[in-house]
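Protein sequences appear in the order of chains W and Y. Throughout the first sequence, residue numbering follows the numbering used here, covering 35 to 189 in sequence. Throughout the second sequence, residue numbering follows the numbering used here, covering 6 to 281 in sequence. For each residue, glycine too, the CB sits at the ideal point set by N, CA and C. Heads up, the thing below is written out as structure tokens.
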Amino acid sequence: MNRNIWLVSLIGAVLWLVGCAPSVVVENRTGFAVRVVVTSANGSEVLSPSPGESSVAEVAEGSYRATAIPDAEWIENAKATRKFLNDQLANSENLTGPQLLDVIQRLKNIAARMQQYESTAGVGASCSGAVSSDGGDGLVVISTAANGALVVSCR
Amino acid sequence: MSDSFRQVEDEYFKLKGKLATGRITREQFDAALKALMIQDAQGRWWIIGAEDSKWYVSDGTRWIQTDPPVLAPGISMPPPPPVMPSPPIAQRQIAPPPIARQQQQQQQQQVAPPVTAKKSGGGCGCFLWGCLAVVVLLVIAGVAVFVGFQNGMITPNTVLNLVGLGPGDIEVDNFRDDAIQVNIQPIATTQDSTPSPSALILNAFDVKSFRAQNPGKYRVDFALKKGGGLGTCTLNIKSGDRYQFVALPDGILVNRANSPSSVGRDLKIVTSSFCR
Numbered sequence: 035m036n037r038n039i040w041l042v043s044l045i046g047a048v049l050w051l052v053g054c055a056p057s058v059v060v061e062n063r064t065g066f067a068v069r070v071v072v073t074s075a076n077g078s079e080v081l082s083p084s085p086g087e088s089s090v091a092e093v094a095e096g097s098y099r100a101t102a103i104p105d106a107e108w109i110e111n112a113k114a115t116r117k118f119l120n121d122q123l124a125n126s127e128n129l130t131g132p133q134l135l136d137v138i139q140r141l142k143n144i145a146a147r148m149q150q151y152e153s154t155a156g157v158g159a160s161c162s163g164a165v166s167s168d169g170g171d172g173l174v175v176i177s178t179a180a181n182g183a184l185v186v187s188c189r
Numbered sequence: 006m007s008d009s010f011r012q013v014e015d016e017y018f019k020l021k022g023k024l025a026t027g028r029i030t031r032e033q034f035d036a037a038l039k040a041l042m043i044q045d046a047q048g049r050w051w052i053i054g055a056e057d058s059k060w061y062v063s064d065g066t067r068w069i070q071t072d073p074p075v076l077a078p079g080i081s082m083p084p085p086p087p088v089m090p091s092p093p094i095a096q097r098q099i100a101p102p103p104i105a106r107q108q109q110q111q112q113q114q115q116v117a118p119p120v121t122a123k124k125s126g127g128g129c130g131c132f133l134w135g136c137l138a139v140v141v142l143l144v145i146a147g148v149a150v151f152v153g154f155q156n157g158m159i160t161p162n163t164v165l166n167l168v169g170l171g172p173g174d175i176e177v178d179n180f181r182d183d184a185i186q187v188n189i190q191p192i193a194t195t196q197d198s199t200p201s202p203s204a205l206i207l208n209a210f211d212v213k214s215f216r217a218q219n220p221g222k223y224r225v226d227f228a229l230k231k232g233g234g235l236g237t238c239t240l241n242i243k244s245g246d247r248y249q250f251v252a253l254p255d256g257i258l259v260n261r262a263n264s265p266s267s268v269g270r271d272l273k274i275v276t277s278s279f280c281r
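So this is what it looks like as structure tokens:
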């Protein structure tokens with residue numbers, strides 16, 4: 035009986051610990067639109083806070099990484115994917131096996147694209163930080179350097 | 006003497022004759038003699054000496070030369086037993102017949118293995134090596150788990166997924182030109198606690214995720230931020246599931262990334278079996 039109580043308590047404690055997901059606030063201090071990929075153990079999110087505003091990403095406890103990516107390039111790629119998926123969705127009842135596999139591959143490519151931007155980010159275009167469930171939210175500030183380049187800093 | 010003993014003696018002398026005339030070999034003679042062992046009503050084993058043609062009886066530890074009982078009801082002739090008494094040579098009162106001596110050697114071989122193993126320590130050694138191997142494997146596994154936790158490759162959710170209590174994930178890709186709002190409402194989850202609903206705001210071409218800590222049923226509503234519904238999906242999220250929604254101009258696409266469907270109509274939330 036006691037053993038069961040301990041087991042239930044342990045599972046409850048683990049669920050409670052992993053249940054309190056911390057978040058990261060991404061603040062855009064530039065005068066133009068930016069796009070940021072935030073990656074943690076939970077996966078990746080793409081945010082686009084308007085100039086002077088902020089967006090929030092829920093992340094897993096532990097380390098995270100924020101990377102500024104070229105906004106126009108991301109949108110251009112997303113639009114190409116959108117056209118393909120939209121066409122396939124209109125014909126979804128008649129898709130063949132290879133066509134269906136192609137759709138699934140294009141869906142996977144969205145995450146792969148985010149990872150690609152992260153791995154090729156230039157100096158200053160990304161930063162890393164860490165958050166804990168009881169240590170408050172993480173803060174990522176996007177600003178511009180004197181030469182006009184984007185600067186990403188984790189605080 | 007009973008008929009059984011007489012039958013054995015008759016058989017014995019026939020074999021003797023065949024051996025003497027060269028119709029059978031010595032090995033064939035010995036083998037046939039072994040088969041002539043008989044057991045009396047008290048369970049004692051009897052055999053005829055190969056050389057002296059006298060009867061020997063076993064008392065459990067040694068062979069003693071004696072005459073068979075005059076009347077021994079219930080005597081049978083079963084096949085030779087797998088295990089026979091093994092008289093110590095030092096305590097032998099009478100040298101056993103050669104054929105019995107051969108059987109004693111076999112018996113000693115049958116009984117010998119545990120004693121031999123004990124003397125050499127081989128079995129104990131194997132046991133120790135086995136224990137050592139298990140300890141080494143446990144240490145390696147422990148180090149691997151520690152490194153996995155340090156690197157983030159193993160998380161508490163990984164462990165929970167193994168027992169079916171892990172979370173499921175929902176990713177929403179907004180590939181529309183306008184902002185959308187996604188409301189995720191738990192309907193029935195496996196845990197007693199009631200998780201609060203979550204709302205995701207996605208600008209055009211944003212990607213956001215929601216982690217369903219407790220597996221169960223969730224209602225996912227898609228709407229334009231400025232107003233107007235786009236669709237609804239009721240998901241049955243299991244531990245480790247990863248659902249991906251893509252908001253498109255002509256509808257909402259759904260896919261279960263960890264186990265995609267093989268049917269095209271499952272891509273549309275209005276017709277998908279994922280959304281029932």
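Below-8 Å beta-carbon distance, residue i vs any chain Y residue
{"i": "residue 167(W)", "result": "no"}
{"i": "residue 64(W)", "result": "no"}
{"i": "residue 79(W)", "result": "yes"}
{"i": "residue 58(W)", "result": "no"}
{"i": "residue 184(W)", "result": "no"}
{"i": "residue 115(W)", "result": "yes"}
{"i": "residue 55(W)", "result": "yes"}
{"i": "residue 137(W)", "result": "yes"}
{"i": "residue 92(W)", "result": "yes"}
{"i": "residue 128(W)", "result": "yes"}
Option in the options with minimal Cα separation from residue i
{"i": "residue 255(Y)", "options": "162(W), 154(W), 121(W)", "result": "121(W)"}
{"i": "residue 47(Y)", "options": "38(Y), 73(Y), 59(Y)", "result": "73(Y)"}
{"i": "residue 69(W)", "options": "180(W), 151(W), 135(W), 179(W)", "result": "151(W)"}
{"i": "residue 50(Y)", "options": "234(Y), 68(Y), 226(Y)", "result": "68(Y)"}
{"i": "residue 177(W)", "options": "62(W), 79(W), 57(W), 55(W)", "result": "62(W)"}
{"i": "residue 45(Y)", "options": "9(Y), 253(Y), 144(Y), 145(Y)", "result": "9(Y)"}
{"i": "residue 58(Y)", "options": "18(Y), 276(Y), 206(Y)", "result": "18(Y)"}
{"i": "residue 175(W)", "options": "86(W), 56(W), 130(W), 78(W)", "result": "86(W)"}
{"i": "residue 186(W)", "options": "64(W), 166(W), 131(W)", "result": "64(W)"}
{"i": "residue 233(Y)", "options": "266(Y), 215(Y), 241(Y), 187(Y)", "result": "187(Y)"}
{"i": "residue 93(W)", "options": "77(W), 145(W), 66(W)", "result": "77(W)"}
{"i": "residue 54(Y)", "options": "247(Y), 71(Y), 136(Y)", "result": "71(Y)"}
{"i": "residue 248(Y)", "options": "176(Y), 270(Y), 190(Y), 64(Y)", "result": "176(Y)"}
{"i": "residue 97(W)", "options": "182(W), 183(W), 166(W)", "result": "166(W)"}
{"i": "residue 119(W)", "options": "72(W), 157(W), 140(W)", "result": "140(W)"}
{"i": "residue 79(W)", "options": "59(W), 106(W), 132(W)", "result": "59(W)"}
{"i": "residue 161(W)", "options": "103(W), 123(W), 145(W), 146(W)", "result": "103(W)"}
{"i": "residue 148(W)", "options": "57(W), 73(W), 137(W)", "result": "73(W)"}
{"i": "residue 272(Y)", "options": "107(W), 137(W), 110(W)", "result": "137(W)"}
First and last residue of the uninterrupted beta strand (DSSP E) at residue i
{"i": "residue 30(Y)", "result": "Segment: none, residue 30(Y) is in no beta strand (DSSP E) and carries neither H nor E."}
{"i": "residue 100(W)", "result": "96-103"}
{"i": "residue 79(W)", "result": "77-81"}
{"i": "residue 238(Y)", "result": "234-242"}
{"i": "residue 257(Y)", "result": "256-261"}
{"i": "residue 213(Y)", "result": "212-217"}
{"i": "residue 222(Y)", "result": "221-229"}
{"i": "residue 208(Y)", "result": "Counting along the chain, residue 208(Y) falls outside any beta strand (DSSP E), and DSSP gives it neither H nor E."}
{"i": "residue 74(Y)", "result": "Note, residue 74(Y): premise wrong, no beta strand (DSSP E); not H, not E."}
{"i": "residue 192(Y)", "result": "185-194"}
{"i": "residue 247(Y)", "result": "247-253"}
{"i": "residue 47(Y)", "result": "Per DSSP, residue 47(Y) belongs to no beta strand (DSSP E) and is neither H nor E."}
{"i": "residue 275(Y)", "result": "Looking at the DSSP string, residue 275(Y) is not in any beta strand (DSSP E), and its letter there is neither H nor E."}
{"i": "residue 181(W)", "result": "Residue 181(W) -> no beta strand (DSSP E), and no H or E assigned at all."}
{"i": "residue 173(Y)", "result": "173-179"}
{"i": "residue 93(W)", "result": "It is not in any beta strand (DSSP E) - residue 93(W) carries neither H nor E in the DSSP assignment."}
{"i": "residue 56(Y)", "result": "First-last for residue 56(Y): undefined, no H or E at that position."}
{"i": "residue 69(W)", "result": "69-74"}
{"i": "residue 58(W)", "result": "57-62"}
Proximity test, Cβ basis, 8 Å: residue i and chain W
{"i": "residue 249(Y)", "result": "yes"}
{"i": "residue 135(Y)", "result": "no"}
{"i": "residue 152(Y)", "result": "no"}
{"i": "residue 216(Y)", "result": "yes"}
{"i": "residue 260(Y)", "result": "yes"}
{"i": "residue 210(Y)", "result": "yes"}
{"i": "residue 281(Y)", "result": "no"}
{"i": "residue 236(Y)", "result": "no"}
{"i": "residue 240(Y)", "result": "no"}
Inter-residue CB distance, residue i and residue j (contact presumed, cutoff 8 Å)
{"i": "residue 188(W)", "j": "residue 172(W)", "result": "7 Å"}
{"i": "residue 262(Y)", "j": "residue 222(Y)", "result": "That pair is no contact at about 19 Å."}
{"i": "residue 207(Y)", "j": "residue 228(Y)", "result": "Actually they are not in contact, since the Cβ atoms of residue 207(Y) and residue 228(Y) sit about 11 Å apart, beyond 8 Å."}
{"i": "residue 251(Y)", "j": "residue 180(Y)", "result": "6 Å"}
{"i": "residue 169(Y)", "j": "residue 266(Y)", "result": "Actually they do not touch by this definition, with Cβ atoms about 22 Å apart."}
{"i": "residue 284(Y)", "j": "residue 55(W)", "result": "Here chain Y comprises residues numbered 6 to 281, so residue 284(Y) is not present and cannot be evaluated."}
{"i": "residue 257(Y)", "j": "residue 235(Y)", "result": "6 Å"}
Could you pull out every unbroken alpha helix (DSSP H) segment of at least 4 residues lying fully inside the segment 117-166 of chain W, listed in chain order? 131-153
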